[in-house]
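Written below as structure tokens is the structure these notes are about.
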Amino acid sequence: MLAELSSELIVEVQHTANLLVSKQRICILTGAGISAESGIPTFRDKQTGLWSQYRAEDLATCAAFARDPQLVWSWYQWRRQLVSDKTPNPAHHALAQWQQHAGLKNQPLTIITQNVDDLHEQAGSTVTHLHGHLWRNRCSQCGMLHNGANNKNSSNSITSNRNSANNSATAHHYNEELLNCTDCGGYIRPDIVWFGESLPIEAWQTAENAAANCDVFISIGTSSLVYPAAGLAQIAKQNDAKIIEINPNPTPNTVVDVTLAANAGMVLPALVKQISGLLS
Ligand code: NAD
Ligand code: ZN
Numbered sequence: 246m247l248a249e250l251s252s253e254l255i256v257e258v259q260h261t262a263n264l265l266v267s268k269q270r271i272c273i274l275t276g277a278g279i280s281a282e283s284g285i286p287t288f289r290d291k292q293t294g295l296w297s298q299y300r301a302e303d304l305a306t307c308a309a310f311a312r313d314p315q316l317v318w319s320w321y322q323w324r325r326q327l328v329s330d331k332t333p334n335p336a337h338h339a340l341a342q343w344q345q346h347a348g349l350k351n352q353p354l355t356i357i358t359q360n361v362d363d364l365h366e367q368a369g370s371t372v373t374h375l376h377g378h379l380w381r382n383r384c385s386q387c388g389m390l391h392n393g394a395n396n397k398n399s400s401n402s403i404t405s406n407r408n409s410a411n412n413s414a415t416a417h418h419y420n421e422e423l424l425n426c427t428d429c430g431g432y433i434r435p436d437i438v439w440f441g442e443s444l445p446i447e448a449w450q451t452a453e454n455a456a457a458n459c460d461v462f463i464s465i466g467t468s469s470l471v472y473p474a475a476g477l478a479q480i481a482k483q484n485d486a487k488i489i490e491i492n493p494n495p496t497p498n499t500v501v502d503v504t505l506a507a508n509a510g511m512v513l514p515a516l517v518k519q520i521s522g523l524l525s
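Residue numbers (this note's numbering): 246 to 525.
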């Protein structure tokens, strides 16, 4: 595993592992970059095919949905199709393994994600979703969770909704027909936090608490551009946490103490292996 990394990075991973085993409380924030190696494009990647003329930022807003609900719904059905066969990569698996080990030792390891996919869950992690869930729908008017083809049976289960978000009889074909709420008639929308919308209160409180009370904060695969999530590293820093960033590209995050500048799918398995070795 370590053989795949440059000698410089190996040393940095070893130092980082030493730092991590000397600390108790870990808070991890992930972004689109952690799912990139699973084949899910990040938000900064250019859109492809039919959608290449649009920017994601212009579709993921309340105003866009109010103006043209069909366009926004079709885009999300397309995104669901794109994500439906994607599976966790070594970065998701390494985090799940680390979280499991930490749990056995009663060490708090909180994973917060900005991603709306469920690859962390598929790998076996427990995560807090700041920006909602791709596989859930709700009414744009009354807010009721919507499960399946135009029925009001709401459920909090992401995996069950992964199938029901596909309101078509054909597997892997996501019907673009708009749905209406059976209660109030409003349009059904994805249960995702759009630009300009507030974060779910409970999820934000979990994230803020974990960031304010951690010894180490690790930012993985996020451009650190979208607030309030991008502010979590600052909250951690103000409370004397060490800040680690895993990202092959530079970000505007100015509070970072350690940068591991490589793909998460390479760095995390190596890091978690080092940590396990030091702890055993
Ligand atoms: P992002 O696309 O802004 O940034 C992804 C980051 O991952 C980049 O910094 C990139 O260098 C890094 N990266 C790429 N490959 C990597 C790899 N293999 N390993 C590690 N890092 C890698 O994604 P973000 O920071 O998660 O965006 C923040 C939030 O903005 C999103 O979660 C989303 O909620 C929101 N957003 C949503 C939409 C939308 O819903 N359409 C559009 C834009 C932004
Ligand atoms: Zn409704």
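Note that beta-carbon positions come from the ideal geometry of N, C-alpha and C, so glycine has one too.
Around ligand 2, what residues have a beta-carbon under 6 Å from a heavy atom of it, in chain order?
C384, Q386, C387, M389, C426, D428, C429, G431
Can you tell me which of the three DSSP states C459 falls into?
Counting from one through the sequence shown, the residue named residue 459 turns up at place 214. Three-state DSSP puts C459 in coil, outside helix and strand.
What's the C-alpha gap between D436 and I285?
By one-based count along the sequence shown, residue 436 stands at place 191. By one-based count along the sequence shown, residue 285 stands at place 40. One C-alpha to the other measures close to 19 Å.
Below 8 Å on the Cβ atoms is my contact criterion, and I expect Q359 with A474 to pass it. Report the Cβ-Cβ distance as a whole number of Å.
Here residue 359 refers to the residue found at position 114 when the sequence shown is read from its first residue. Here residue 474 refers to the residue found at position 229 when the sequence shown is read from its first residue. The pair is a contact, with the Cβ atoms about 5 Å apart (cut-off 8 Å).
To which residues of the same chain is W296 closer than 7 Å at the C-beta, ignoring the five residues directly before and after it?
On the sequence shown, residue 296 is found 51 positions in, with the first residue counted as 1. These residues qualify, in order along the chain: W320, W323.
Taking only runs that begin and end inside the region 281-318, name each unbroken alpha helix (DSSP H) of 4 or more residues, in chain order.
301-304, 307-312
Check: A305 C-beta below 6 Å from any heavy atom of ligand 1:
Along the sequence shown, read from residue 1 onward, the residue named residue 305 stands at position 60. Yes, ligand 1 has a heavy atom inside 6 Å of this Cβ.
Which residue comes first and which comes last in the beta strand (DSSP E) that contains W380?
Start at 1 with the first residue of the sequence shown, and residue 380 comes out as number 135. That run of the beta strand (DSSP E) goes 377-384.
Secondary structure of K518, DSSP reduced to three states
Start at 1 with the first residue of the sequence shown, and residue 518 comes out as number 273. Of the three classes helix, strand and coil, the one that applies to K518 here is helix, per DSSP.
Using only CA atoms, which one of C426, D362, G348 lies nearest to Q326?
As a working mapping, residue 326 is identified with position 81 in the sequence shown. Selected option, being the one with the closest Cα: D362.
Member of S443, S385, S370, F440 whose CA lies at the smallest distance from the CA of A311
Within the sequence shown, numbered from 1, the residue matching residue 311 stands at position 66. Of S443, S385, S370, F440, the residue nearest in Cα terms is S385.
Could you spell out where the beta strand (DSSP E) holding K487 opens and where it closes?
Reading the sequence shown from its first residue, position 242 is the one you call residue 487. Residues 487-491.
Report the partner residues of D436 according to the DSSP bridge assignment.
If you number the sequence shown from 1, residue 436 lands on position 191. According to DSSP, D436 bridges with H378.
Please confirm whether any heavy atom of ligand 1 lies closer than 6 Å to the CB of H338.
To locate residue 338, count along the sequence shown from 1; it is residue 93. Not so, every heavy atom of ligand 1 lies at least 6 Å from the Cβ.
Where the alpha helix (DSSP H) containing V266 begins and where it ends:
Locating residue 266 in the sequence shown gives position 21, where the first residue counts as 1. Per DSSP, V266 belongs to the alpha helix (DSSP H) from 252-266.
Just reading off the beta strand (DSSP E) that L505 is part of, what are its end residues?
Locating residue 505 in the sequence shown gives position 260, where the first residue counts as 1. Element bounds for L505: 503-505.
Looking only at C-alpha atoms, which of A481, R289, Q450, T451 sits nearest to S464?
As a working note, residue 464 is residue 219 in the sequence shown. Out of A481, R289, Q450, T451, A481 has the C-alpha closest to the C-alpha of S464.
Note down, in chain order, each residue of its chain lying with its Cβ closer than 6 Å to the Cβ of D526, except the 5 sequence neighbours on either side.
No information on residue 526 is available, as it lies outside the stretch 246 to 525 that the chain covers here.
Measuring alpha carbon to alpha carbon, tell me which of V517, G466, L516, D485 ends up nearest G276.
Taking the first residue of the sequence shown as position 1, residue 276 is located at position 31. When each option's Cα is compared against that of G276, the closest is G466.
Chain-order list of residues whose beta-carbon lies under 8 Å from that of L423 (same chain, five-residue window excluded):
Counting from one through the sequence shown, the residue named residue 423 turns up at place 178. Here the set comprises P314, Q315, W318, Y432, I433.
For L304, which residues from the same chain have a beta carbon less than 6 Å from its beta carbon, with the 5 sequence-adjacent residues on both sides left out?
Residue 304 sits at position 59 when you count from the first residue of the sequence shown. So the list reads V317, W320, once near-sequence residues are dropped.
Is any non-hydrogen atom of ligand 1 found closer than 6 Å to the C-beta of I261, if you look at the structure I gave you?
Against the sequence shown, residue 261 aligns to sequence position 16. The sequence given here has Thr at residue 261, not Ile. Not so, every heavy atom of ligand 1 lies at least 6 Å from the Cβ.
If we count the other Cβ atoms within 10 Å of its Cβ and call it buried at 16 or more, is K487 buried or exposed?
Numbered from 1 along the sequence shown, position 242 holds the residue referred to as residue 487. Under this definition K487 is a buried residue.
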